[in-house]
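Peer 1: One structure, as structure tokens, below. Some questions next.
There are 2 protein chains.
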Amino acid sequence: MTEQHPRGVYSAALTPVTTEGTPDATLFVTHCQRLLAEGCDGIAMLGTTGEANSFANDERRALLEAVVAAGIAPDRLLPGTGVAALSETVALTRHALSLGVTTVVMLPPFYYKGVTEDGLFAAYAEVVQRLADPRLRIVLYHIPQMSAVPIPFPVIARLRAAYPGTFSGIKDSAGDLAHMEALVEACPGLAVLAGADPLMLPLLRKGGAGCITATSNLVAADLAFVFRHFSDLNRAAEVEAAQARIVAMRNRASRFAQMASLKALLADRTGEEGWHRLRPPLLPLSEAERGALLVE
Amino acid sequence: MTEQHPRGVYSAALTPVTTEGTPDATLFVTHCQRLLAEGCDGIAMLGTTGEANSFANDERRALLEAVVAAGIAPDRLLPGTGVAALSETVALTRHALSLGVTTVVMLPPFYYKGVTEDGLFAAYAEVVQRLADPRLRIVLYHIPQMSAVPIPFPVIARLRAAYPGTFSGIKDSAGDLAHMEALVEACPGLAVLAGADPLMLPLLRKGGAGCITATSNLVAADLAFVFRHFSDLNRAAEVEAAQARIVAMRNRASRFAQMASLKALLADRTGEEGWHRLRPPLLPLSEAERGALLVE
């Protein structure tokens with residue numbers, strides 16, 4: 178079996194926001210260091226949970242530069258670089274490569290809906306061709322409930338055949354374990370990463386590669402424990418207990434708007450102000466929601 | 178009744194593409210001048226039909242600058258400036274204002290789905306507040322089948338109340354005449370523009386302000402005629418004939434992928450090479466489709 182890349186627990190890190198409404202790079206670096214210390218294998222920054230598509234490309238670049246400048250190893254970073262415009266996806270990915278960050282998570286171009294498989298293939302293929310960098314590794318980002326542009330199996334197969342080694346993984350955030358398992362079956366060697374925290378454990382048991390998830394902002398240590406010991410029969414009870422905490426936190430953060438809930442919980446835990454803010458169109462929880470969430 | 182702004186026939190202009198895959202500014206200027214000569218009141222450039230969201234913000238800015246530099250009056254331009262990231266919507270709109278282009282067509286932030294009305298209101302409100310330019314006029318862009326983010330009536334009402342005069346119009350591309358008529362009813366003074374060519378005539382009869390449409394790339398003169406004479410009983414037969422040609426062309430361009438079909442028809446009519454290309458994820462028609470379209 179080909180070695181999966183990436184493999185492990187990657188946090189879809191939340192992005193703190195300053196009083197000016199811009200990404201708070203200082204606090205973000207602190208958070209990334211904390212997540213790594215808690216056991217994450219890396220940081221999948223600037224994804225859906227990170228509100229990436231609410232930030233300008235300049236803001237995204239500055240945040241990635243800050244993290245690298247702070248000394249976090251580039252090979253532990255999986256930034257999102259897929260945007261609606263092909264030429265900007267190329268520019269963001271080239272920027273990441275220029276910093277030594279060689280694995281990126283790439284949404285399909287997500288403005289046009291109902292695009293053909295040929296069109297979707299062409300978009301990803303043109304990005305790879307324009308970049309022409311053999312270091313590049315792409316994690317496809319399947320999140321149809323948000324992008325409204327699913328990535329069908331035949332497109333994945335064509336991309337992997339056309340650019341061997343480049344399309345090394347997929348983050349499957351559709352929330353359907355059967356779909357993730359089918360990907361593992363259909364695409365030998367493809368690193369299939371669960372996009373929902375509770376599904377990492379069952380997916381690992383079927384040959385999955387780990388997770389890129391949101392609740393990891395709060396339960397990184399438990400996820401890391403499950404990842405490292407899921408096949409260790411002597412620690413089955415501990416794995417079970419960690420998994421139960423993961424599920425409980427995921428449920429807790431899903432009662433109200435997810436990103437706002439995660440930020441409220443993190444603000445409460447750390448006392449860090451920057452977690453109270455989101456950029457529109459996302460908004461913080463109402464006071465009533467926040468109160469209900471925090472008394473749980 | 179408040180004067181509607183904008184009012185008239187605005188072409189959702191197609192964007193020609195060079196062999197390098199970038200917007201062809203020279204050919205685009207030629208096309209804009211042709212559309213105005215055919216009777217369009219203005220050019221709604223860089224919209225869905227113009228593949229705007231497939232182009233980088235730098236490419237969008239350069240195209241707008243080329244059109245203004247070519248001498249097309251800024252008050253005849255309605256560029257699209259709404260993108261997924263609030264700060265980029267601000268930057269694109271500020272750039273338009275810097276060129277004297279004061280009316281823009283603005284998509285809602287379209288990455289996050291299922292956003293609250295408060296969140297949608299906050300996004301538009303923050304754009305207006307950050308720009309703080311009394312010249313700004315915004316045409317809201319309702320195209321839920323593509324953006325997957327509808328703009329509900331209460332949000333429109335709140336924005337108009339909070340920023341009187343700023344939210345002057347709406348391009349309704351949902352294709353439902355009843356929805357457009359309801360907007361006319363519910364929002365006195367709001368310029369409601371049909372997003373589908375065949376619906377301009379019935380909408381004008383109910384108090385609508387005109388259209389921003391795709392087929393106008395091919396039937397601008399007929400649309401202009403209908404707009405100028407729809408209430409002139411002496412020219413009812415000519416209006417009817419023009420409307421029939423509009424409907425026929427719209428149907429012809431809807432058999433295969435719409436933008437690719439419009440480009441194929443325009444390439445065929447003008448002999449201009451740049452219309453043969455689209456940027457992925459959109460693709461040109463296949464040879465078979467093109468053949469079938471052009472023999473009609």
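Quick note, the sequences are listed as chains A and B, same order. Each residue of the first sequence is one higher than the last, beginning at 178 in our numbering. Each residue of the second sequence is one higher than the last, beginning at 178 in our numbering. Ideal Cβ positions, reconstructed from N, Cα and C, are used throughout, including at glycine.
When you compare each of B:A391, B:R432, B:A425 to T212 of chain B by their alpha carbons, which one comes out closest?
Peer 2: With the sequence shown as reference, residue 212 of chain B is identified as Leu, and Thr is not the correct amino acid for it. That would be B:A391, whose Cα lies nearest to the Cα of L212 of chain B.
Peer 1: CB-CB under 7 Å to F330 of chain B, same chain, minus the five flanking residues each way: which ones, in chain order?
Peer 2: Correct list, in chain order: A363.
Peer 1: Return the chain-ordered ranges of every beta strand (DSSP E) run that is complete within the region 273-317 of chain A and spans a minimum of 3 residues.
Peer 2: For the region 273-317 of chain A, whole beta strand (DSSP E) runs of length 3 or above, ordered along the chain, are 280-283.
Peer 1: Residues in the region 440-460 of chain A with C-beta within 7 Å of chain B's C-beta atoms, listed in sequence order?
Peer 2: Listed in sequence order: R456, P457, P458, L459, L460.
Peer 1: Pull out every residue of the region 283-299 of chain A whose Cβ sits closer than 8 Å to any Cβ of chain B, in chain order.
Peer 2: Within the region 283-299 of chain A, the residues whose Cβ lies closer than 8 Å to some Cβ of chain B are P285, P286, F287, Y288, Y289, K290, V292, T293, D295, G296, L297, A299, listed in chain order.
Peer 1: For the alpha helix (DSSP H) that A359 of chain A lies in, which residues bound it at each end?
Peer 2: Note, A359 of chain A: alpha helix (DSSP H), 354-363.
Peer 1: Pair every Cβ in the region 255-269 of chain B with every Cβ in the region 226-238 of chain B, then say whether three or more of these pairs are closer than 8 Å.
Peer 2: They touch, by the three-pair rule.
Peer 1: Across which residues does DSSP place G257 of chain A in a beta bridge pair?
Peer 2: For G257 of chain A, which the question treats as bridged, DSSP gives the partners A:V282.
Peer 1: Any beta carbon from chain B within less than 7 Å of N230 of chain A's own beta carbon?
Peer 2: With 7 Å as the cut-off, N230 of chain A counts as an interface residue toward chain B.
Peer 1: Straight-line CA distance for D310 of chain A to V260 of chain A?
Peer 2: Going from the Cα of D310 of chain A to the Cα of V260 of chain A covers about 19 Å.
Peer 1: Within the region 226-271 of chain B, note down every full beta strand (DSSP E) run reaching 3 residues or more, in order along the chain.
Peer 2: With a minimum length of 3 residues, no continuous beta strand (DSSP E) run stays inside the region 226-271 of chain B.
Peer 1: In the DSSP output, which residue or residues are listed as bridge partners for I389 of chain A?
Peer 2: DSSP output for I389 of chain A lists A:Y187 as bridge partner(s).
Peer 1: Note down the Cα distance separating P379 of chain A from I389 of chain A, rounded to an integer number of angstroms.
Peer 2: Between P379 of chain A and I389 of chain A, the C-alpha separation is close to 14 Å.
Peer 1: Can you tell me whether L367 of chain B is buried or exposed? The criterion is at least 16 other CB atoms within 10 Å of its CB, across all chains shown.
Peer 2: So L367 of chain B counts as buried.
Peer 1: Suppose the cutoff is 6 Å on Cβ atoms and the five residues either side in sequence are ignored; what does the same chain contact list for A325 of chain B look like?
Peer 2: Closer than 6 Å at Cβ, skipping near neighbours: K290.
Peer 1: Less than 7 Å separating the beta-carbons of E449 of chain A and L204 of chain A?
Peer 2: Yes.
Peer 1: Can you find a C-beta in chain A that's less than 7 Å from the C-beta of L191 of chain B?
Peer 2: It does not: the Cβ of L191 of chain B has no partner Cβ on chain A nearer than 7 Å.
Peer 1: Do G296 of chain A and L460 of chain B count as a contact pair if the criterion is CB distance below 7 Å?
Peer 2: A contact, by the Cβ cut-off of 7 Å.
Peer 1: Could you run through the region 220-246 of chain A and flag, in chain order, every residue whose CB is less than 7 Å away from some CB of chain B?
Peer 2: Against chain B - using a Cβ distance shorter than 7 Å - the residues of the region 220-246 of chain A are N230, S231, F232, A233, E236.
Peer 1: Jot down the residue ranges of each uninterrupted alpha helix (DSSP H) in the region 418-465 of chain B, minimum 4 residues, whole runs only, in chain order.
Peer 2: Counting whole runs of 4 or more residues, the region 418-465 of chain B contains the alpha helix (DSSP H) stretches 435-447.
Peer 1: For L376 of chain B, which of B:Y340, B:R427, B:F344, B:V472 has the nearest alpha-carbon?
Peer 2: Of the listed residues, the one whose Cα sits closest to L376 of chain B is B:R427.
Peer 1: For E303 of chain A, which residues in chain B fall below 9 Å Cβ to Cβ?
Peer 2: Result: G198, R456, P457.
Peer 1: Use the C-beta contact count for E236 of chain A: other C-beta atoms within 10 angstroms, 16 or more gives buried, fewer gives exposed.
Peer 2: So E236 of chain A ends up on the buried side.
Peer 1: Using a 10 Å radius around the Cβ and a threshold of 16 neighbouring Cβ atoms, would you call D252 of chain A buried or exposed?
Peer 2: Exposed: under 16 other Cβ atoms inside 10 Å.
Peer 1: By a C-beta neighbour count over all protein chains shown, 10 Å radius and 16 as the cutoff for buried, is L462 of chain B buried or exposed?
Peer 2: Its Cβ being crowded by 16 or more others within 10 Å, L462 of chain B is buried.
Peer 1: If you pair each beta-carbon of the region 354-361 of chain B with each one of the region 391-410 of chain B, do three or more pairs fall below 8 Å?
Peer 2: Too few Cβ pairs lie closer than 8 Å, so no.
Peer 1: Can you find a C-beta in chain B that's less than 7 Å from the C-beta of A325 of chain A?
Peer 2: Yes, its Cβ sits closer than 7 Å to a Cβ of chain B.
Peer 1: May I have the straight-line CA-CA distance separating T225 of chain B from R454 of chain B, to the nearest angstrom?
Peer 2: Cα to Cα, T225 of chain B sits roughly 16 Å from R454 of chain B.
Peer 1: Would a check of beta-carbon distances place A351 of chain B closer than 7 Å to chain A?
Peer 2: A351 of chain B does not count as touching chain A.
Peer 1: Could you name the residues of the region 254-268 of chain A whose beta carbon sits closer than 8 Å to any beta carbon of chain B, in the order they occur along the chain?
Peer 2: Cβ contacts with chain B come from V260, A261, A262, L263, S264, E265, A268.
Peer 1: Going by C-alpha distance, which of A:A465, A:L471, A:I315 is nearest A444 of chain A?
Peer 2: When only C-alpha atoms are compared, the closest one is A:L471.
Peer 1: Starting from Q322 of chain B, find everything on chain A with Cβ-Cβ shorter than 9 Å and list it in chain order.
Peer 2: In chain order: K290, G291.
Peer 1: How is the beta strand (DSSP E) around L370 of chain B delimited, first residue to last?
Peer 2: Unbroken beta strand (DSSP E) run through L370 of chain B: 368-371.
Peer 1: Label A413 of chain B either buried or exposed according to how many other C-beta atoms from any shown protein chain fall within 10 Å of its C-beta, with 16 as the threshold for buried.
Peer 2: So A413 of chain B ends up on the exposed side.
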